[in-house]
Amino acid sequence: MPESILSKPILLNAFDMLVPVHQSPGLWRHPDDESRRYTELKYWTGLAQKLEAGGFHGIFFADVLGQYDVYGGNADEAARGGVQFPMLDPTLIVTALAAATERIGFGVTASVTYEQPYLLARRFGTLDHLTNGRVAWNIVTSYQDSAARNLGLGEQIAHDKRYDRADEYMDVVYKLLEGSFDENAVVADRERNVYVDPTLVRGIGHAGEHFTVPGPSLTEPSAQRTPLLFQAGASARGQAFAARHAEAIFFSGYSAEMTRGWVDGVRDALEGEGRTRDAVKIFSMATVIVAETDEAAEARLADYERFVDPDAALALFAGWTGLDLSGADLDAPLEYASTEGNHSALASFTKLDPTRVWTLRELAKFVTIGGRGPVIVGSPSTVADELERWIEVADIDGFNLTSAVRPADLENFARLVSPELRRRGVLPEITPGTTFRDVVMGAGSRLASDHRGASFRTPPFSD
Ligand SMILES: Cc1cc2nc3c(=O)[nH]c(=O)nc-3n(C[C@H](O)[C@H](O)[C@H](O)COP(=O)(O)O)c2cc1C
4 MPESILSKPI LLNAFDMLVP VHQSPGLWRH PDDESRRYTE LKYWTGLAQK LEAGGFHGIF
64 FADVLGQYDV YGGNADEAAR GGVQFPMLDP TLIVTALAAA TERIGFGVTA SVTYEQPYLL
124 ARRFGTLDHL TNGRVAWNIV TSYQDSAARN LGLGEQIAHD KRYDRADEYM DVVYKLLEGS
184 FDENAVVADR ERNVYVDPTL VRGIGHAGEH FTVPGPSLTE PSAQRTPLLF QAGASARGQA
244 FAARHAEAIF FSGYSAEMTR GWVDGVRDAL EGEGRTRDAV KIFSMATVIV AETDEAAEAR
304 LADYERFVDP DAALALFAGW TGLDLSGADL DAPLEYASTE GNHSALASFT KLDPTRVWTL
364 RELAKFVTIG GRGPVIVGSP STVADELERW IEVADIDGFN LTSAVRPADL ENFARLVSPE
424 LRRRGVLPEI TPGTTFRDVV MGAGSRLASD HRGASFRTPP FSD
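If you want it as structure tokens, here you go:
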């Protein structure tokens with residue numbers, strides 16, 4: 004039996020969304036698929052419990068605020084294919100999942116473009132209390148004009164400008180969650196009749212280019228104060244933002260080799276921000292199709308391929324990138340074009356990998372199973388070997404795992420691959436009561452003292 008080649012444990016996030024089709028267009032039609040249950044709380048609590056039993060560190064929920072309406076100039080194709088539409092708000096299920104589990108963490112995507120930081124800080128402060136420190140925030144700036152039009156902006160703020168604004172946004176959140184309450188401000192002293200010592204709570208007096216927030220925070224300090232911070236900006240500006248704020252970063256690359264180039268860039272950017280090259284944990288997206296044997300897993304993939312929906316995949320890709328590729332020559336080489344959408348989705352299939360030229364036809368086929376990440380197929384041992392190879396070659400820390408047939412692929416992973424990873428010693432048990440930050444970063448519940456957010460602590464304290 005193969006032993007692990009790794010010198011560190013593997014981090015596992017499930018990557019999901021409260022929608023009928025997340026990353027694998029068409030697969031909702033597979034007879035084993037249960038995506039139609041995405042509106043049922045029991046579907047999600049059941050999945051969370053199975054993932055927790057399988058040693059997953061977190062479930063990370065994607066979220067967008069508009070329809071995918073770029074392809075063909077309307078949202079019909081995306082609606083027909085159930086592509087991230089209709090959808091539910093992921094923040095609202097987290098407390099129910101926390102009540103049904105003890106160890107697994109919850110990553111929630113929330114945009115900094117359409118909501119004031121004062122409200123967002125309250126919501127994450129609340130979630131951190133109610134999950135006992137098991138919440139993470141995937142900070143996104145959003146990439147859809149359809150969201151901007153419905154949220155009062157008419158069109159999106161320009162790509163790099165969104166990140167400039169997001170920098171100030173983060174400082175407001177840090178000031179609220181790290182800086183407004185001293186550690187011992189909430190005394191709840193019956194004898195003295197003092198609930199909060201007003202001398203230990205202060206306004207933050209933020210007056211910047213985009214936000215004016217006197218403070219203080221409405222929530223009292225929680226186990227993590229600031230939620231564990233995830234980010235996925237992959238453009239040059241996005242990477243600079245991630246290097247400043249993220250504790251963990253997501254990427255979607257289709258090969259370990261091309262992902263490595265991107266990871267090296269992130270680690271350089273971290274040094275540029277005065278952080279160490281390993282100051283963030285890096286997760287890459289992957290879809291695992293596992294069965295007892297390699298042959299059975301390959302047969303499973305062949306079965307899935309009968310249900311793929313390349314047109315819906317193109318609607319998804321157009322929505323990510325802001326590029327309407329309807330009517331384009333399916334066999335012409337794909338070329339990079341800059342838009343106000345998500346830069347990295349197109350870059351992955353063009354300029355990030357000079358060794359490979361993609362056509363639209365190939366791209367549509369690829370995206371139908373597992374979006375922009377690889378599809379890893381095989382027995383538990385084959386899959387574990389491939390995950391380990393990715394970690395070594397791409398220099399990453401773990402995976403964002405999606406289901407093609409939902410939730411079967413994630414459940415099969417927990418049932419078949421997790422025991423193999425445990426046997427190899429790379430999936431240690433999580434101790435109940437450990438915060439999500441401590442589980443992922445392994446250095447306590449609070450932001451590291453060299454993280455930008457820690458500089459807003461008044462007075463400074465240590466964990
Ligand atoms: C694994 C992964 C998950 C993402 N999830 C979301 C999401 O849920 N909502 C969202 O608006 N953007 C999401 N993004 C997009 C990023 O926030 C960002 O817009 C994208 O990576 C492009 O960044 P760039 O324009 O800096 O290249 C995700 C990206 C990746 C790689």
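If you number the sequence shown the way this note's numbering does, the last residue is 466 and the count never jumps. Glycine is no exception: its CB is placed at the ideal position from the N, C-alpha and C atoms.
Does at least one heavy atom of ligand 1 sit under 7 Å from the Cβ of residue 67?
Yes, Cβ of residue 67 sits closer than 7 Å to a heavy atom of ligand 1.
Near ligand 1: residue 300 beta-carbon under 7 Å from a heavy atom
Residue 300 has its Cβ no nearer than 7 Å to any heavy atom of ligand 1.
Starting from residue 284 and walking both ways along the beta strand (DSSP E), at which residues does that stretch end?
Looking at the DSSP string, the run of the beta strand (DSSP E) that includes residue 284 is 284 to 293.
Is it buried or exposed, residue 50, if we count other Cβ atoms within 10 angstroms and call 16 or more buried?
When all chains shown are included, residue 50 counts as buried.
Neighbour flag for residue 318 against chain D, beta carbons, 8 Å
No chain D is part of this structure, which consists of one protein chain only.
Per DSSP, which residues does residue 234 bridge with? Please list them.
142 and 252, per the DSSP bridge assignment.
Which term fits residue 72, buried or exposed, when burial requires 16 or more other beta carbons within 10 angstroms of its beta carbon?
Residue 72 should be labelled buried.
Is the stretch 116 to 123 close to the stretch 77 to 97, with three or more CB pairs under 8 Å?
No: the two stretches stay apart, fewer than three of their Cβ pairs being nearer than 8 Å.
Pair within 8 Å by beta-carbon distance, residue 38 and residue 24:
Yes, these two residues count as a Cβ contact at 8 Å.
Between which residues of its own chain and residue 158 is the CB-CB distance below 6 Å, once the five residues before and five after are set aside?
Cβ neighbours of residue 158 within its own chain (closer than 6 Å, five residues either side excluded): 148 and 151.
Rank 197, 171 and 385 by C-alpha distance to the C-alpha of residue 144 and give the top, closest one.
In terms of CA proximity to residue 144, 171 leads the group 197, 171 and 385.
Rounded to whole angstroms, what is the Cα-Cα separation between residue 117 and residue 365?
One C-alpha to the other measures close to 35 Å.
Contact between the stretch 402 to 416 and the stretch 370 to 381 (3+ Cβ pairs under 8 Å):
Taking a contact to require three or more Cβ pairs closer than 8 Å, the stretch 402 to 416 and the stretch 370 to 381 qualify as touching.
Output needed for residue 339: all residues of its chain with C-beta closer than 7 Å, excluding positions within five of it in sequence on either side, in chain order.
Answer for residue 339: 349, 350, 353 and 354, listed in chain order.
Looking only at its chain, what residues have a beta carbon closer than 6 Å to the beta carbon of residue 253, apart from the 5 residues adjacent to it on each side?
Same-chain partners within the cutoff: 235, 286 and 403.
Expressed to the nearest angstrom, what Euclidean distance is found between the alpha-carbon atoms of residue 182 and residue 452?
Annotation: residue 182 to residue 452 spans about 13 Å, alpha carbon to alpha carbon.
Round the Cβ separation of residue 362 and residue 334 to the nearest angstrom and send it over; I've been treating them as touching at under 8 Å.
That pair is a contact at about 5 Å.
Nearest neighbour of residue 178, chosen from 278, 210 and 163 [CA to CA]:
Checked all of 278, 210 and 163; the closest Cα to residue 178 is 210.
Excluding sequence positions up to five away, which residues of its chain have a Cβ less than 7 Å from the Cβ of residue 225?
The answer, listed in chain order, is 128, 131, 132 and 136.
Just verifying my parser: in three-state terms, what is the DSSP assignment at residue 207?
If DSSP states are grouped into helix, strand and coil, residue 207 belongs with coil.
For residue 383, which three-state DSSP category applies?
The three-state reading of DSSP puts residue 383 in helix, counting H, G and I together.
Tell me whether the stretch 308 to 318 and the stretch 29 to 37 touch, counting them as touching only if at least three CB pairs, one residue from each stretch, are closer than 8 Å.
As far as the Cβ criterion goes, the stretch 308 to 318 touches the stretch 29 to 37, which means the pair count is three or higher.
Using 8 Å as the cut-off, can you tell me whether the stretch 380 to 397 makes contact with the stretch 417 to 430, which would need three or more C-beta pairs spanning the two stretches below that distance?
Between the stretch 380 to 397 and the stretch 417 to 430, the count of Cβ pairs shorter than 8 Å is three or higher; the stretches touch.
Using the C-alpha atoms, what's the distance from residue 272 back to residue 325?
Note on geometry: alpha-carbon atoms of residue 325 and residue 272 lie some 26 Å from one another.
7 Å CB neighbourhood of residue 160 in its chain, flanking five on each side removed:
Cβ within range, chain order: 116 and 168.
Should residue 151 be listed as close to ligand 1, given that the test is whether its C-beta is under 7 Å from any heavy atom?
Proximity of the beta carbon of residue 151 to ligand 1 is not indicated: no heavy atom of the ligand is located closer than 7 Å.
Three-way DSSP call (helix, strand, coil) for residue 8 in this model
The DSSP-derived three-state label of residue 8 is coil.
Let's see if you can read the secondary structure: which residues bound the alpha helix (DSSP H) around residue 98?
Counted as a single uninterrupted DSSP element, the alpha helix (DSSP H) harbouring residue 98 occupies residues 97 to 103.
DSSP three-state label for residue 424, please.
DSSP, read as helix, strand or coil, puts residue 424 in helix.
Quick one: residues in its chain with C-beta nearer than 7 Å to the C-beta of residue 427, no 5 flanking neighbours on either side, listed in chain order?
Take residue 427, set aside five residues on each side of it, and the residues of its chain with a beta-carbon closer than 7 Å to its own are 6, 7 and 387, in chain order.
Between residue 300 and residue 293, which are expected to be in contact by the criterion C-beta below 8 Å, what is the C-beta distance as a whole number of angstroms?
The pair is a contact, with the Cβ atoms about 6 Å apart (cut-off 8 Å).
Going by beta-carbon coordinates alone, are residue 15 and residue 63 separated by less than 8 Å?
No; because the gap between Cβ atoms is not below 8 Å, this pair is not in contact.
Cβ of residue 81 within 8 Å of Cβ of residue 275?
Not closer than 8 Å, so no.
Three-state secondary structure (DSSP) at residue 198?
Strand at residue 198.
Starting from the C-beta of residue 105, find all residues in its chain whose C-beta is less than 6 Å away, skip the five residues before and the five after it, and write them out in chain order.
Excluding its 5 nearest sequence neighbours in each direction, residue 105 has C-beta neighbours in its own chain below 6 Å: 435, listed in chain order.
Let me know the secondary structure DSSP gives residue 429 once reduced to three states.
DSSP places residue 429 in coil when its eight states are reduced to three.
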